[in-house]
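Here the structure comes first, spelled out in structure tokens, and everything after it is commentary.
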Amino acid sequence: MSRGLALVGTSGWQYDHWKGLFYPSRLPKAQWFFYYAARFATVEVNNTFYRLPTAETFERWREQAPPTFVYALKYSRFATHQKRLLEPDKHLEPFLSRARLLGGLLGPVLVQLPPTMRPNLPRLEAFLSAAPSDLRWAVEFRNADWLSSDTLAILRRHGAALVVHDKIPGHLDEATAGFVYYRFHGGSFDGGYDPGTLADCAARMAAHAAAGRDVYAYFNNDQGGHAVHDARALLRLLGELNVKTGGVAVKAHGLAATESVWPTLSARSTLRVRG
7 MSRGLALVGT SGWQYDHWKG LFYPSRLPKA QWFFYYAARF ATVEVNNTFY RLPTAETFER
67 WREQAPPTFV YALKYSRFAT HQKRLLEPDK HLEPFLSRAR LLGGLLGPVL VQLPPTMRPN
127 LPRLEAFLSA APSDLRWAVE FRNADWLSSD TLAILRRHGA ALVVHDKIPG HLDEATAGFV
187 YYRFHGGSFD GGYDPGTLAD CAARMAAHAA AGRDVYAYFN NDQGGHAVHD ARALLRLLGE
247 LNVKTGGVAV KAHGLAATES VWPTLSARST LRVRG
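Counting in the numbering used here, the sequence shown runs from 7 upward without gaps.
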């Protein structure tokens, strides 16, 4: 059995408050992506959730990235928060016709359901049945009532991943697909993760990779540059566990010179592990 690949990045790269923390102060904003992509092998794009970028934008993303780079895209809020997965024929094709312009750089599609959406298993089943099976789908539930054996069975049936995150208590770290997907929100998107939490996550990711599953992990705690700091720390931990991480070296000069005294704000994970 071949080992899985672990790809670690952040949820977005165009944060003005990262200037001087991650991006050198004199680096033009037009060069930020290239700086990012030299240090991380993947990024989670969140602006696709709010509006569908133009075809030209997707083509530019494809052309600017290294050939092995991976874009994970957050699915449209029109589909998840307004239609609540109803009428997939009205939102799948418009979204995916643009997304596929990324070609081989297109990674998982993240489907984040709102906390006000209670379990509706037939609707989830219908959506995943309509979703093209050649793509990797990852579903993030923000309502704990979804975390049932029936939900997991639907995800397994369609090869969709259960997103592991820390926004609801008692979340599961359970594989339902040939890949796993982690999101780190850092409390209110502004906390950092303590070394023990990251080490625990790295060990579980290493176990998934050893079982042949690819691992995608994204840090969404962008305030104060915590996302970059934590992503780099996780990459180091995975490297120590001999997990292949996409061949992107962690650059020693990627953060501000004060990295050694970076504040460690605990965002204690409530992730619960099964098997």
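Every residue gets a Cβ at the ideal spot worked out from N, C-alpha and C, and that includes glycine. Please read all numbers here as calculations on a predicted model, not as lab measurements.
At the C-beta level, residue 252 and residue 76 come within 9 angstroms of one another. Looking at the backbone, the Cα of residue 68 and that of residue 37 are separated by about 15 angstroms. Only residues of its own chain outside the window of five on either side were considered, and among them 143 have a CB closer than 6 angstroms to the CB of residue 137, listed in chain order.
The alpha carbon of residue 94 has as its nearest neighbour, out of 191, 132 and 181, the alpha carbon of 132. Residue 40 is classed as exposed because its beta carbon has fewer than 16 other beta carbons within 10 Å across all chains shown.
By a beta-carbon distance limit of 8 angstroms, residue 202 does not contact residue 236. Their separation comes to about 13 angstroms. Between residue 167 and the set 125, 249, 212 and 118, the nearest pair of CA atoms involves 118. In the pairwise beta carbon analysis, the region 233 to 248 is classified as touching the region 10 to 19: at least three pairs are separated by under 8 angstroms. Taken through DSSP and simplified to helix, strand or coil, residue 178 comes out as strand.
Rounded to whole angstroms, the separation of the alpha carbons of residue 209 and residue 153 is 23 angstroms. Closest in alpha carbon position to residue 63, among 181, 89, 106 and 175, is 106. Apart from sequence neighbours up to five positions away, the residues of its chain that approach residue 123 with a beta-carbon distance below 7 angstroms are 90 and 149, ordered along the chain. Boundaries of the beta strand (DSSP E) around residue 114: 112 to 118. With respect to residue 145, residue 161 sits close: the two C-beta atoms are nearer than 9 angstroms. With distances taken between CA atoms, residue 60 lies nearest to 104 out of 172, 104, 125 and 170. Taking the Cβ atoms as the reference, residue 204 lies roughly 10 angstroms from residue 223, outside the contact range of under 8 angstroms. Taking C-alpha positions only, residue 176 is separated from residue 151 by approximately 11 angstroms. Per DSSP, residue 249 has no beta-bridge partner at all. CA-CA distance, residue 164 to residue 157, rounds to 11 angstroms. The DSSP-derived three-state label of residue 225 is strand. CA-CA distance, residue 17 to residue 24, rounds to 13 angstroms. DSSP places residue 79 in the strand class (E or B) of the three-state scheme. Residue 114 sits close to residue 141, with the two beta carbons spaced by under 9 angstroms.
When secondary structure is reduced to three states using DSSP, residue 153 falls in the coil class, being assigned neither helix nor strand.
Relative to the Cα of residue 135, the nearest Cα in the group 92, 229 and 232 belongs to 92. In the structure shown, the three-state DSSP call for residue 17 is strand.
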